[in-house]
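Notes follow the structure.
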Amino acid sequence: MTTLLCRLTVLRSWCRAAPRMAERDGARLLAAEGRPLTGSRRLCQAADPPEVDLKRLEGRDEGIVEVLMCRHRARNALGHVFVSQMREMVSSLSNDSAVRVVVFRSLVPGVFCAGADLKERAQMNNVESDLFVHGLRSLMTQIATLPAPTIAAMDGVALGGGLELALACDLRAASYSAQMGLIETTRGLLPGAGGSQRLPRMVGVTLAKELIFTGRRVGGQTALEVGLINRAVEQNQAGDAAYKEALTLAREILPQAPIAVRMAKEAINRGTEVDIVVLIFTHFSNIFTSLKASALICVRPGRHRLSHGDRENVLRTGKPSIGAFT
């Protein structure tokens, strides 16, 4: 019992510390590479356009912030600069109380995020690769632990790390034509940025195993049916139907009490992050400990059992009556 309580305490501490750890580790990685820690555009050459940008909506949509993925030449592949820029932006949003909802969307037609930049990864040595993967995992943790609700607008392909990015968001909207999947096993890899943990929580363990083992891609309709996404829509001529649906969802969240929404998100996240076995045993152990303590107060010398009538009283009120033991 003591061991279980210790495990739960550690898990709770980790849940609270995860955003700080992700931000701290990311800062160390960027510092180690000699890159500036502020100003996303300065992470690449002055002539290079940003690979990730930020847009704050105004007017009736004030409070909605869009994270724009715009690495056109590589279909939003998760490369070093892309991940670094997104990490900085997500970090800035985590400390901004004016942010009510965050929408992740792509400005590259037909693509949400194509996954890891394997060409770039092939040029890294082992140390560089390890640092990059660590930074990628930290990014997903940062997204998952943002205080404000997050929505992924999937208007196209979301594969491998691209789907893991969407899974790190709270909600997902996709077009029926969108294709998504954790395809790492088809390339001799594993979903290494949270996909193998988050997918089972959304679609169930058995289906998650099937999708990961086979590397299968699914469309928007199937994704909606199995619970992988929240909303699915027909694609429009502009190719931004999922974004518009995500914006509609964001507008539904926007007028709700912001503190209540943030607290609800934290409560749900903590509940799903705790080991279910620890949770069950701790929960019931606490109940039984309470009942035992209440009962012992009422024990008379030589009496060690509850009467039938008082057992009913315990179930109803949680406490036995005085003199109930026979």
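The numbering used here applies: residue 112 is where the sequence shown begins, and numbers increase by one.
C-beta: ideal position from N, C-alpha, C; glycine also.
Everything numeric in this text was worked out from a predicted model, so none of it was measured.
Anyone know if the C-beta pair for residue i and residue j falls short of 7 angstroms?
i: arginine 211; j: proline 369; result: yes
i: glutamate 162; j: phenylalanine 193; result: yes
i: glycine 306; j: leucine 293; result: yes
i: aspartate 228; j: leucine 189; result: yes
i: valine 316; j: glycine 338; result: no
i: glycine 272; j: alanine 233; result: no
i: isoleucine 254; j: alanine 289; result: no
i: arginine 186; j: valine 214; result: no
i: isoleucine 175; j: alanine 361; result: yes
i: glutamate 356; j: valine 344; result: yes
Give the DSSP-derived three-state secondary structure of residue i in the structure shown.
i: methionine 374; result: helix
i: glutamine 332; result: helix
i: serine 217; result: strand
i: leucine 242; result: helix
i: arginine 312; result: helix
i: methionine 265; result: strand
i: valine 178; result: strand
i: valine 222; result: strand
i: glycine 190; result: coil
i: aspartate 281; result: coil
i: alanine 319; result: helix
i: leucine 270; result: strand
i: arginine 342; result: strand
i: valine 163; result: strand
i: valine 210; result: coil
i: methionine 200; result: helix
i: glycine 305; result: coil
i: serine 205; result: helix
i: serine 195; result: helix
i: alanine 259; result: coil
i: glycine 292; result: strand
i: alanine 227; result: strand
i: proline 412; result: Residue placement at proline 412 cannot be trusted, given a pLDDT of 41 that sits under 50; the coordinates are not used to answer.
Using C-beta distances below 6 angstroms, list every residue in its chain close to residue i, excluding the 5 sequence neighbours before and after it, in chain order.
i: alanine 353; result: Ala264, Met265, Asp266, Ala284, Ala285 and Ser286
i: glycine 326; result: Ile294, Thr296 and Thr297
i: leucine 335; result: Ala343
i: arginine 139; result: Its pLDDT being 46, under 50, arginine 139 is placed unreliably by the model, and the measurement read from it follows with that caveat. Result list for arginine 139: empty, nothing under 6 angstroms.
i: alanine 209; result: none
i: lysine 230; result: none
i: leucine 426; result: With a pLDDT of only 46 at leucine 426, under the threshold of 50, the placement of this residue in the model should not be trusted; the figure read from the coordinates follows. There are no such residues.
i: glutamine 346; result: Ser286, Ser288 and Ala352
Express the C-alpha separation of residue j and residue i in angstroms, rounding to a whole number.
i: proline 220; j: asparagine 236; result: 32 angstroms
i: alanine 225; j: alanine 277; result: 12 angstroms
i: asparagine 341; j: leucine 270; result: 18 angstroms
i: proline 260; j: glutamine 308; result: 20 angstroms
i: phenylalanine 324; j: leucine 300; result: 11 angstroms
i: glutamate 173; j: glycine 331; result: 29 angstroms
i: aspartate 207; j: valine 329; result: 36 angstroms
i: alanine 375; j: valine 178; result: 23 angstroms
i: arginine 182; j: arginine 373; result: 31 angstroms
i: aspartate 241; j: serine 202; result: 21 angstroms
i: leucine 322; j: threonine 383; result: 21 angstroms
i: methionine 268; j: leucine 218; result: A small correction: the amino acid at residue 268 is valine; methionine does not occupy that position in the sequence shown. Using only the alpha carbons, I get a separation of about 12 angstroms.
i: threonine 333; j: leucine 310; result: 14 angstroms
i: methionine 291; j: alanine 371; result: 32 angstroms
i: proline 160; j: arginine 216; result: 17 angstroms
i: asparagine 380; j: arginine 312; result: 11 angstroms
i: aspartate 351; j: arginine 184; result: 19 angstroms
i: alanine 378; j: lysine 320; result: 27 angstroms
i: methionine 180; j: histidine 191; result: 14 angstroms
i: isoleucine 398; j: glutamine 367; result: Confidence at isoleucine 398 is low in this model, with a pLDDT of 43, below 50, so the placement of that residue should be treated as unreliable; the coordinate-derived value is given next. Between isoleucine 398 and glutamine 367, the C-alpha separation is close to 34 angstroms.
Once the 5 residues before and after residue i are set aside, which same chain residues still bring their CB inside 7 angstroms of it?
i: methionine 200; result: Ser151, Val163, Leu165 and Val178
i: leucine 358; result: Val214
i: valine 244; result: Gly303
So, at 8 angstroms on beta carbons, what are the nonlocal neighbours of residue i in its own chain, with the 5 sequence-adjacent residues on each side left out?
i: leucine 365; result: Asp172, Gly174, Ile175, Arg211 and Val212
i: aspartate 281; result: Pro260, Thr261, Ile262 and Lys376
Three or more C-beta pairs closer than 8 angstroms, one from the segment 233 to 252 and one from the segment 166 to 186: is that the case here?
-> no
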